[in-house]
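Report on the structure given below.
2 protein chains.
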Amino acid sequence: MNETPSDIRTEIADLGEFGLIDHLTKLFIPTNTSTVKSIGDDSAVLNPENKHVVITTDMMVEGVHFDLAYFPLKHLGYKAIVSNLSDVYAMNAIPVQVTVSISVSNRYSVEALEVLYEGIRLACESYQVDLVGGDTTASLRGLVISVTAIGIQEAEKICYRNGAKPGDHIYVSGELGASYLGLQLLEREKQIYLSNPGIQPDLENQKYLIGKFLKPEAQRETIDWLEKAGIIPHAMIDLSDGLSSDLMHICKQSQCGAEIEESLIPINEQTKWMALKFHMDPLTCALNGGEDYELLLCVSPQDSDKVRMFPGLIYIGQIKESAFGVQLKSNSNNLHPLKAQGWVHF
Amino acid sequence: MNETPSDIRTEIADLGEFGLIDHLTKLFIPTNTSTVKSIGDDSAVLNPENKHVVITTDMMVEGVHFDLAYFPLKHLGYKAIVSNLSDVYAMNAIPVQVTVSISVSNRYSVEALEVLYEGIRLACESYQVDLVGGDTTASLRGLVISVTAIGIQEAEKICYRNGAKPGDHIYVSGELGASYLGLQLLEREKQIYLSNPGIQPDLENQKYLIGKFLKPEAQRETIDWLEKAGIIPHAMIDLSDGLSSDLMHICKQSQCGAEIEESLIPINEQTKWMALKFHMDPLTCALNGGEDYELLLCVSPQDSDKVRMFPGLIYIGQIKESAFGVQLKSNSNNLHPLKAQGWVHF
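Residue numbers (my numbering), protein chains in the order written: chain Y, 1173 to 1518; chain S, 1173 to 1518.
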């Protein structure tokens, strides 16, 4: 009988720490000119080519941020990279390098980690970033992934959260709420499976929602387009905590208010339908769902006509004076203050 | 009755994720001109001032890398930073920023994390680096700390592992093996305490060994001195895995051999004495102990007279042709091949 790769189990201990790092990273070939020295020295070396450097980091913990019952390791690797690149794009910078540290218990085989790193490699190739370092250690239990992403950009093009000005037009780069409902769907199927292992989940028709949760993409096209169009937003943030919470970050740091309109918030029909099936309000899912990894941009009204030309960008409201607060204009033309309600892990 | 701070227990959940980050980082004030934007945006922003950027990252896991039975949280925070800065200095670069991500279970109180961050802050202040980002998440069990350190240096001054040349003189920046014996000592006291909690450990006379393990320092003085003396080593590495293992990294990457002399390897009298008490060979502790965070430098013979002037640097041998191998000349003038034997966590 031929053994398929999934039948083979190699223990991490068979390779040792250095052997494991070599094994997992041998397929990663640096391609960026800014990468001077990749894995293999005390530190990686980067040539920022006279630009500024942006740096962001995130940690994902098994049982807290992901459940391997329904989160394939390949997708997990992909998402761990993409969620960090999203924070680089949100500065209007171009990601060039990542480091990846993992701690894993001996419950994991080398083959399982290969699948995780396959997802990491796919994301690196897709977004043209180089894996240049990291750490691989044991854990007593479960898997922890810590990713740091590094980007470069000319100083004057970097977008902060604190640059929004009253009158700025607010855009988002895509539909909201789908990732949250993808998660709800997977959680429900897990519960069904646990109470009756005979029932196989049928998620074929839910590729959109589940895909948005398991394999989100970062908004490179938006950043590339802004560069080509010569537009620098006044402020930008990525929608990881949820539109409400993230818009409030912008308003707090820019010392301004905002009005967004219910009728303009882009929600996919599948998201609406599934929300109703879960007895949830689709708007609440879009405002507070989180993990959409779309960008929120505040652009000068003068730039707004140009921005509207880019099919990916959707106008949802305007920045106001601070005294206005951060409010949602409902379809019935009433104003409701937004509430921050991001992800709560603790 | 007055409550002392140690009597108070605030649950992490009372602050929430954003509140916790704000609370733990409020005392960190960036001071480096290269720090353009610190905590509070999607990414931190750094101006490398036309220099190259070096980046290194390490992950420390409770129960694998540290045991809180004898590792005070303040020291843990300090060491987590210092061990990463050591990797920046090993590139002959100047550390300027760090990011710190932690995952913690709700067993930890806010006060415990304050103590951890107090150690992080002490290290940042002592080495003049800015904390510019990170992540704070829940864990199902224990504490994981992931630190990324960023340094800058002119391209032509960066030292790699692959630049050693036959004839180069090998120096180390200080005494070896103490950290390993500090760990053995603490492990022994823990076992004694566990089998008889009535016996209080008396470690007062062991401040040197325990200090080397619990509160190591990175070799900034050496790097500062090299800059002033105008010397750029051909190759450099920090001794985190142990002299044998780390010298072999240099030799492998530089495609050369090396001869170091037993009689020249610096071992403190307290290290020797404690090794013998543990029925260990002091030389083995110095060669394979690890976590000393001293630097190993390979310098041109022309620079060697100058390097000898710096009191911190100790000559231990020479780089040889590859065919020579990596060997130790014993006190009886016999040659023994060195073996790599670093830390094994898996």
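C-beta: ideal position from N, C-alpha, C; glycine also.
Ordered along the chain, which non-local residues of its own chain (more than five positions away) have a Cβ less than 6 Å from that of Lys1384 (chain Y)?
Ala1350, Ser1351 and Gly1354
Given that Val1141 (chain Y) touches chain S, what residues does it touch there, using C-beta distances under 7 Å?
The structure shown does not extend to residue 1141 (chain Y), since chain Y spans only 1173 to 1518, so no value can be given for it.
Within 8 Å of any Cβ in chain Y, is that where the Cβ of Ile1409 (chain S) sits?
yes
Is the Cβ-Cβ distance between Val1226 (chain S) and Ala1252 (chain S) less than 8 Å?
Not closer than 8 Å, so no.
For a test of the three-state rule: what should DSSP assign to Ile1184 (chain S), helix, strand or coil?
helix
Proximal residues to Lys1511 (chain S) (C-beta, below 7 Å), its chain only, five neighbours per side dropped:
Within the same chain, Lys1511 (chain S) has close Cβ partners Ser1416.
When Y:Ala1458, Y:His1195, Y:Thr1203 and Y:Tyr1380 are compared against Ser1435 (chain Y), the one with the closest alpha-carbon
Taking only the C-alpha atoms, the option nearest Ser1435 (chain Y) is Y:Ala1458.
Report back the beta-carbon spacing between Gly1489 (chain Y) and Ala1430 (chain Y) to the nearest angstrom; my notes put them in contact at under 8 Å.
With a Cβ gap of about 6 Å, Gly1489 (chain Y) and Ala1430 (chain Y) count as contacting.
Best match in Y:Thr1320, Y:Val1316, Y:Ala1407 and Y:Arg1480 for proximity to Ser1275 (chain S) [C-alpha to C-alpha]:
Looking at Y:Thr1320, Y:Val1316, Y:Ala1407 and Y:Arg1480, the one whose alpha-carbon comes closest to that of Ser1275 (chain S) is Y:Val1316.
One or two residues paired with Phe1385 (chain S) in a DSSP bridge:
Paired residue(s): none; Phe1385 (chain S) is not in a bridge.
Tell me the rounded alpha-carbon separation between Gly1461 (chain S) and Gly1414 (chain S).
5 Å
What does Val1236 (chain Y) touch in chain B if you count any residue whose Cβ is under 8 Å from its own?
Looking for chain B here will not work: the only protein chains present are Y and S.
Using a Cβ cut-off of 9 Å, pull out every chain Y residue sitting near Arg1333 (chain S), in sequence order please.
Gly1212, Asp1213 and Asp1214
So what's Ala1390 (chain S) in DSSP terms, helix, strand or just coil?
Ala1390 (chain S): coil per DSSP, three-state reduction.
On the criterion of 16 or more Cβ atoms from any shown chain inside 10 Å, does Asn1219 (chain S) qualify as buried, or is it exposed?
buried
Less than 8 Å between CB atoms is the rule here; does Thr1320 (chain Y) satisfy it with respect to chain S?
yes
Please classify Gly1305 (chain S): is it buried, with 16 or more other beta-carbons within 10 angstroms of its beta-carbon, or exposed?
buried
Could you compute how far the alpha carbon of Leu1469 (chain S) sits from the alpha carbon of Ser1258 (chain S)?
13 Å
Give a yes or no on whether 8 Å exceeds the smallest Cβ distance from Pro1220 (chain Y) to chain S.
yes
With DSSP as the reference, please indicate the residues paired to Ile1324 (chain S) in a beta bridge.
S:Val1225 and S:Ile1266
How about Val1479 (chain Y) and Ile1403 (chain Y): do their beta carbons lie closer than 8 Å?
yes
Whether Ser1426 (chain Y) touches Ala1401 (chain Y) by CB criterion (8 Å)
no
Meets three-Cβ-pair contact criterion under 8 Å: the stretch 1232 to 1240 of chain Y and the stretch 1232 to 1245 of chain S
no
Kindly give me the distance between the Cβ atoms of Val1471 (chain Y) and His1341 (chain Y), rounded to whole angstroms, as I take these residues to be in contact under 8 Å.
5 Å
By Cβ distance, which residues of its chain are closer than 8 Å to Glu1520 (chain S), with the 5 residues on each side in sequence left out?
In the structure as shown, chain S starts at 1173 and stops at 1518, and residue 1520 (chain S) therefore has no counterpart that could be examined.
May I ask you to list the residues that DSSP assigns as paired with Gly1489 (chain S)?
S:Ile1342 and S:Ile1432
So, helix, strand or coil for Lys1501 (chain S), using DSSP?
Collapsing the DSSP output to three states places Lys1501 (chain S) in a strand.
Are the CB atoms of Thr1308 (chain S) and Thr1320 (chain Y) nearer to each other than 8 Å?
no
So with Cβ pairs under 8 Å, would you call Gly1519 (chain S) a contact of chain Y?
In the structure as shown, chain S begins at 1173 and stops at 1518. Residue 1519 (chain S) is therefore absent and cannot be evaluated.
At 9 Å on the CB atoms, spell out the chain S contacts of Thr1197 (chain Y), in chain order.
Chain S residues near Thr1197 (chain Y): none, gap ~13 Å exceeds 9 Å.
Could you tell me the distance, in whole angstroms, from the CA atom of Asn1505 (chain Y) to the CA atom of Val1498 (chain Y)?
Rounded to the nearest angstrom, the gap between the Cα atoms of Asn1505 (chain Y) and Val1498 (chain Y) is 15 Å.
Ignore the nearest five residues each way along the sequence and tell me which others in Ser1318 (chain S)'s own chain have a CB closer than 6 Å to its CB.
The residues Met1231 and Ser1273, in chain order, have a CB closer than 6 Å to that of Ser1318 (chain S) in the same chain once the five nearest residues on each side in sequence are set aside.
Does the CB of Ile1227 (chain S) have a neighbour CB from chain Y at under 8 Å?
yes
Straight-line gap, Ser1281 (chain Y) to Ile1437 (chain Y) (C-alpha atoms, nearest Å):
44 Å
Quick check on DSSP: helix, strand or coil for Gly1335 (chain Y)?
helix
Sort out for me which residues DSSP pairs Gly1306 (chain Y) with in a bridge.
Y:Val1272
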